[in-house]
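Note that numbering that gives the first Met the number 0 numbers the sequence shown so that position 93 is 92, with each residue one more than the last.
Idealized CB from N, CA, C, for every residue including glycine.
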Amino acid sequence: MNAASADQTILDSAALVLNRSWLAIATTTVREALAMMYTGTARAIRPETYEVHEFDSWASLAVPPDSPCVRTVTLRIRVPEVIVLSRLDRLPPRAVPFTRRNLFRRDRDTCQYCGAKPGRRNLSIDHVVPRSKGGESSWTNCVLACLRCNRRKADLTPREANMPLRKKPKAPPWEPTLGIPIGQFRQSWERFISERYWNVPLEP
Ligand SMILES: [Zn+2]
């Protein structure tokens, strides 16, 4: 592989995009990430220190030994693997598909009434407002319930059953897979994706 095509491969590889709250919302190409840094739309995050850099200060960082870099006529620039939007959140998060798998992830395999974690086989999906009373199948009306709570609640609303929810159910804040291209997951993304996902505060 010659130098020019190596550079193309690096420029086409993936960078993780965080919104201004440091939530991972998308992936883009390193080429686009550099363009966004250059125009001030985004800044690069140095994954090992969480330092945030504008284009110029990023370009002046030393490239770690044995790491790929982007070459210009005069510079060798470290590859930005994670960027954070600085102006507009111009990449809106995509809606999370309402699926059984994602609902179990959102509720962390936990009964939303009693807090039990009895294992996936002993959890069912409960309609907060029962379907018989017009309750929809949606992120805001469905929660995990253990079999005991599900039986007890039966066809009642939480108020009628005197079974308050521990948290108000809502759609997860981002799409769990982020459209990450196959084989392009970077080690440096891990902390931004997993920690943020599980630590997003749920509204009371
Ligand atoms: Zn329960």
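Residues that leucine 15 bridges to, as DSSP identifies them: In the sequence shown, the residue the question calls residue 15 occupies position 16. Its beta-bridge partners are Thr26, Val81.
Please list, in chain order, all residues with a C-beta atom less than 5 Å from at least one heavy atom of ligand 1. Cys110, Tyr112, Cys113, Ala115, Cys145, Cys148
Does the stretch 154 to 170 come close enough to the stretch 117 to 131 to have 3 or more Cβ pairs within less than 8 Å? yes
Examine the Cβ distances between the stretch 78 to 85 and the stretch 43 to 59 and report whether three or more of them are shorter than 8 Å. yes
Name the DSSP beta bridge partners of glutamate 50, please? What you label residue 50 is simply residue 51 of the sequence shown in a count that begins at 1. Arg45.
What residue does the beta strand (DSSP E) around arginine 70 start on, and which one ends it? Locating residue 70 in the sequence shown gives position 71, counting from the first residue. First-last of the beta strand (DSSP E) with arginine 70: 68 to 70.
Of the listed residues Ile124, Thr26, Pro79, nearest to asparagine 101 (C-alpha basis): On the sequence shown, residue 101 is found 102 positions in, with the first residue counted as 1. Taking only the C-alpha atoms, the option nearest asparagine 101 is Ile124.
When the Cα of serine 72 is compared with those of Cys141, Ala58, Ser137, which residue comes out closest? Locating residue 72 in the sequence shown gives position 73, where the first residue counts as 1. Note on identity: in this sequence residue 72 is valine, with serine being the wrong assignment. Measuring from the Cα of valine 72, the nearest candidate turns out to be Ala58.
Tell me whether glutamine 186 is buried or exposed, calling it buried when 16 or more other Cβ atoms sit within 10 Å of its Cβ. Indexing the sequence shown from 1 puts residue 186 at position 187. It counts as exposed.
Three-state class that DSSP yields for leucine 122 in the structure shown: Here residue 122 corresponds to residue number 123 of the sequence shown, with the count starting at 1. The answer is strand: DSSP assigns leucine 122 an E or B state.
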